[in-house]
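To convert, note that position 227 of the sequence shown is 229 in my numbering; the numbers rise steadily by one, no gaps. Quick reminder that beta carbons are idealized off the backbone N, C-alpha and C, glycines included. Treat the numbers as computed from the prediction; the structure is a model and nothing was measured. For reference, the structure is listed below as structure tokens.
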Amino acid sequence: MKFSVASLGCKTNQYEMDALSQELIHMGLKPAPAGQAADLYILNTCTVTAEAERKARQLFRRYRRDNPDALLVACGCFSQRSDLTGLADLVIGTSLRDRLAGLILEAIEQKVALPVNYAQPWEGRAPYEELGGIALPSETRAFLKIQDGCDNRCAYCAICLARGPARSRTREKILEEARQLAGQGFTEMVLTGTNINAYGSDLGRGGPVTDLAGLLTELDRVEGLERIRLGSLESTTITPDFMDRISRLDHLCPHFHLSLQSGSDRILRAMRRRDTTGQYKEAVDRIRSIFPQAGITTDLIVGFPGETDDDFDRTLEFCEEIGFLRIHVFRFSPRPGTAAASMGGQVPAGLAADRAGRLREKASQLAVNAIRERLGQTRPVLVEQVKRDGRVLGYSPEYIQVIGLQYAQGAEAARPGQIRSMRLDGIGEESALAVIL
Numbered sequence: 003m004k005f006s007v008a009s010l011g012c013k014t015n016q017y018e019m020d021a022l023s024q025e026l027i028h029m030g031l032k033p034a035p036a037g038q039a040a041d042l043y044i045l046n047t048c049t050v051t052a053e054a055e056r057k058a059r060q061l062f063r064r065y066r067r068d069n070p071d072a073l074l075v076a077c078g079c080f081s082q083r084s085d086l087t088g089l090a091d092l093v094i095g096t097s098l099r100d101r102l103a104g105l106i107l108e109a110i111e112q113k114v115a116l117p118v119n120y121a122q123p124w125e126g127r128a129p130y131e132e133l134g135g136i137a138l139p140s141e142t143r144a145f146l147k148i149q150d151g152c153d154n155r156c157a158y159c160a161i162c163l164a165r166g167p168a169r170s171r172t173r174e175k176i177l178e179e180a181r182q183l184a185g186q187g188f189t190e191m192v193l194t195g196t197n198i199n200a201y202g203s204d205l206g207r208g209g210p211v212t213d214l215a216g217l218l219t220e221l222d223r224v225e226g227l228e229r230i231r232l233g234s235l236e237s238t239t240i241t242p243d244f245m246d247r248i249s250r251l252d253h254l255c256p257h258f259h260l261s262l263q264s265g266s267d268r269i270l271r272a273m274r275r276r277d278t279t280g281q282y283k284e285a286v287d288r289i290r291s292i293f294p295q296a297g298i299t300t301d302l303i304v305g306f307p308g309e310t311d312d313d314f315d316r317t318l319e320f321c322e323e324i325g326f327l328r329i330h331v332f333r334f335s336p337r338p339g340t341a342a343a344s345m346g347g348q349v350p351a352g353l354a355a356d357r358a359g360r361l362r363e364k365a366s367q368l369a370v371n372a373i374r375e376r377l378g379q380t381r382p383v384l385v386e387q388v389k390r391d392g393r394v395l396g397y398s399p400e401y402i403q404v405i406g407l408q409y410a411q412g413a414e415a416a417r418p419g420q421i422r423s424m425r426l427d428g429i430g431e432e433s434a435l436a437v438i439l
């Protein structure tokens, strides 16, 4: 039986599908070759925007056309918040991940009447669910999930509603998987979760590692691991103590994705965010005092209810002040069940689209500025792809996308998964052009 897995949205979703793929392979199923129909389709859905939900519906319809007799499985945030039994045969939601492969096997063996929806509302703080397989990705860097769920209630966010309360994975399980991944040859790992800032908050006291900095210290000692990259952080995590502890690590990438969402304090309050632009700036300054070359990336939402031209202009100015390396721009999408969905002052779609376009232009300009400041430097680049035309694509520790266009005299050919020294000599479209040394 051939299966196909796909993931929409965040790195956490991708991690979960990587782990599930390994478990299905151990059960005797085979991945369907690219471009061929499968007998089993599994989609990890996303609910962060209406567009993500539209893509999920579109994919399920395509799967049904490709093979009308295939078993279709929906899991993830969209399937947790909406009944997708009209599109999929088996619906899981965001719990029962540790039983997902078994539930799929039951459906294959026709032990349950289809369609069936196993998604259940979150009640209380359940334990962290260990997935059955190690998450071996097809790419050169590996994701390492350390927690799930979120206790924050930002006004725009449906993910905290879909994923349930924050729950941390044990240190032992995280380190075990990290060692397995390093043993498989993965040199870079990206820590992921719904809200990794909350790691350890539910583990209680008495354990040797109950916070993010402590976990990083343990991971830094894993043999064969050359890079640890953090997922999204809040500026409130960047305390003097946190920075002091991570400054001693040998393998931490100087890349900090600090979620911002708006450069206007008025809008941040309406969003129910936990920091101000002043606190955010202090966090960035604290990072750069220890990691001067750090890449600072962020997420921003435009068109939040009540956002005025002045609020948007403040966001543009704040982006310039921080000097972001990369900005992920989202247009506000009202999510049912969130506080922002019923707020007054909804911004017209056309105006929100215009602001998103202007912010993306600003993001592109800032990316070019950040690369220009680093021209002439030699950086270690994790090679992710080697194109047929000879171009080598990868990322520096700061998360600069690097395109190696030529080799220095005597340099060996690059291979995916290698970390190679490259000299940044030029600027492409938000990428650094480099010579491979």
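Have a look at P210 and R417 and give me their C-alpha separation to the nearest angstrom. The pLDDT assigned to P210 is 49, lower than 50, so where the model puts this residue is not dependable; a value taken from the coordinates is nonetheless given after this. Using only the alpha carbons, I get a separation of about 39 Å.
Going along the chain, which residues of its own chain have a beta-carbon closer than 6 Å to the beta-carbon of V93, five neighbours each way excluded? A76, S81, L86, T87, N119, A121
Within a Cβ cutoff of 7 Å, which residues of the same chain sit near P139, ignoring the five residues on either side of it in sequence? D20, F145
Measure from the alpha carbon of T238 to the alpha carbon of each residue in A40, L214, V224, then state which is nearest. L214
Starting from the C-beta of E323, find all residues in its chain whose C-beta is less than 8 Å away, skip the five residues before and the five after it, and write them out in chain order. K283
Span of the beta strand (DSSP E), counted from its first residue to its last, around P382: 380 to 388
Could you round the C-beta distance between I429 and R374 to whole angstroms and report it? I think they count as a contact, below 8 Å. 6 Å
Taking only three categories from DSSP, how would you classify Y397? strand
Provide the residue(s) that pair with H253 in DSSP beta bridges, ordered along the chain. Answer is none; H253 lacks a bridge partner.
Report buried or exposed for L426, applying the criterion of at least 16 other Cβ atoms within 10 angstroms of its Cβ. buried
If the criterion is Cβ atoms closer than 8 Å, does the pair L177 and V114 meet it? no
In this structure, how does DSSP classify T49 when only helix, strand and coil are distinguished? coil
Closest to Y401 by C-alpha separation, out of P382, Q387, D312, would be which residue? P382
Can you look up L262 in the DSSP assignment and give me helix, strand or coil? coil
Could you tell me the alpha carbon to alpha carbon distance between L251 and I106, rounded to whole angstroms? 42 Å
I438 versus Q408: straight-line alpha-carbon distance, rounded: 6 Å
For A358 and R333, I'd like the C-alpha separation in whole angstroms. 6 Å
N- and C-terminal bounds of the alpha helix (DSSP H) containing R276: It is not in any alpha helix (DSSP H) - R276 carries neither H nor E in the DSSP assignment.
Measure from the alpha carbon of F258 to the alpha carbon of each residue in L73, K389, I329, A410, then state which is nearest. I329
Given V304 as reference, the closest of R274, Q348, A109 once Cα atoms are compared: Q348
Looking at the secondary structure, which residues open and close the alpha helix (DSSP H) in which C152 lies? Counting along the chain, C152 falls outside any alpha helix (DSSP H), and DSSP gives it neither H nor E.
Is there a Cβ of chain C sitting closer than 8 Å to that of D301, yes or no? Absent from the structure is chain C; it holds one protein chain and no more.
Since Q149 contacts T96 with CB under 8 Å, what's their CB separation in whole angstroms? Their Cβ separation, rounded to whole angstroms, is 13 Å, which puts Q149 and T96 out of contact at 8 Å.
So, using beta-carbon positions, are M345 and P307 closer together than 8 Å? yes
Nearest-angstrom Cα separation, counted from G392 out to D153: 47 Å
In three-state DSSP terms, what is N15? helix
Look up D79 in the DSSP assignment and give the residues it is bridged to. For the record, residue 79 in the displayed sequence is Cys; it is not Asp. Answer is none; C79 lacks a bridge partner.
Status (buried if at least 16 other CB within 10 Å, exposed otherwise) for L327: buried
Measuring only the C-alpha atoms, how far is E25 from R231? 25 Å
Just reading off the beta strand (DSSP E) that E414 is part of, what are its end residues? Here E414 belongs to no beta strand (DSSP E), and DSSP marks it neither H nor E.
Considering only DSSP beta bridges, list what I94 is partnered with. Its beta-bridge partners do not exist; DSSP assigns none.
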